[in-house]
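Some notes on the structure that comes next.
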Amino acid sequence: MIVLSLKGGRVTCRRATKREICEAVYILVSTIPVGRVTSYGNIARALGINPRLVAWCLQNNRDLIVIPCHRVVYSNGELGGYRELGARFKRSLLELEGVLFDFKGRVVRDFFVDIKI
DNA sequence: CATCGAACCAACC
DNA sequence: GGTTGGTTCGATG
439 MIVLSLKGGR VTCRRATKRE ICEAVYILVS TIPVGRVTSY GNIARALGIN PRLVAWCLQN
499 NRDLIVIPCH RVVYSNGELG GYRELGARFK RSLLELEGVL FDFKGRVVRD FFVDIKI
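Start counting the first sequence at 439; every next residue gets the next number (this note's numbering).
Shown next, in the form of C-alpha cells:
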C-alpha cells in the first residue's frame, strides 16, 4: 500500500506504515454488511497489499465488537481462523447473522460481497 | 470438485 | 536473512 502526499508542489510517495495499513483494513472490514462475508484477498486487492497481511491485521484486532473480522473468510468459502476463540465460534457468529453454509462447511457463494473503495 | 504445492510479501526475530 | 502467517492460485486426478 502506497501513500501519496504533496510537499512543496512535489508529489512524494512512500510505503504505508503498519498502523495505516491496519486502519485501512479495519475501515473496509467494518463496511461489510451484517449477514455477508468477504475474502482476505478481496480486501487485499482493494488496498494493494498481500492477503496474509490482511490476516495479520485482523489477528491484531482488539475491537472484536466494532470490527467484524468474523465476516472475513477464505476465498473458497472455508472459514479461516479466529484467534483463540476458533473457527467454530466464528461460524456461530455468521450463522447468527443468517449466513448459510454448504454440507462441507463452506460459506455459500451468494453471501460474498465485493469491497470497493 | 478435491487435493496438493508453490508463490505471495511484510512482520518479526 | 530465515521463519511465519486467520491466503491464493494453478495444476492435476
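Heads up, the beta-carbon is just placed ideally off N, CA and C, and yes, glycines get one too.
Each residue's CA atom was taken as its position, placing Y464 and K456 some 12 Å apart.
Looking at the backbone, the Cα of A525 and that of I487 are separated by about 24 Å.
Contact annotation, A484 with L466: C-beta distance approximately 6 Å; criterion of less than 8 Å satisfied. Distance from S530 to P506 at the Cβ level is roughly 14 Å; contact not present, criterion being Cβ atoms closer than 8 Å. Looking at the DSSP output, L502 shares a beta bridge with no other residue.
The beta carbon of V546 is closer than 7 Å to those of L538, F539, D540 in its chain, skipping five residues each way along the sequence. With respect to the C-alpha of G518, the residue from P489, E535, L534, R500 having the closest C-alpha is P489. Ranked by how close their Cα comes to the Cα of R474, the residues D548, I555, N480 have D548 in first place. Within its own chain, the residues whose Cβ lies closer than 6 Å to the Cβ of V492, once the five positions on either side in sequence are excluded, are V463, Y478, I481, A482, listed in chain order. Nearest Cα to L523 within the set G447, L534, Q497: Q497.
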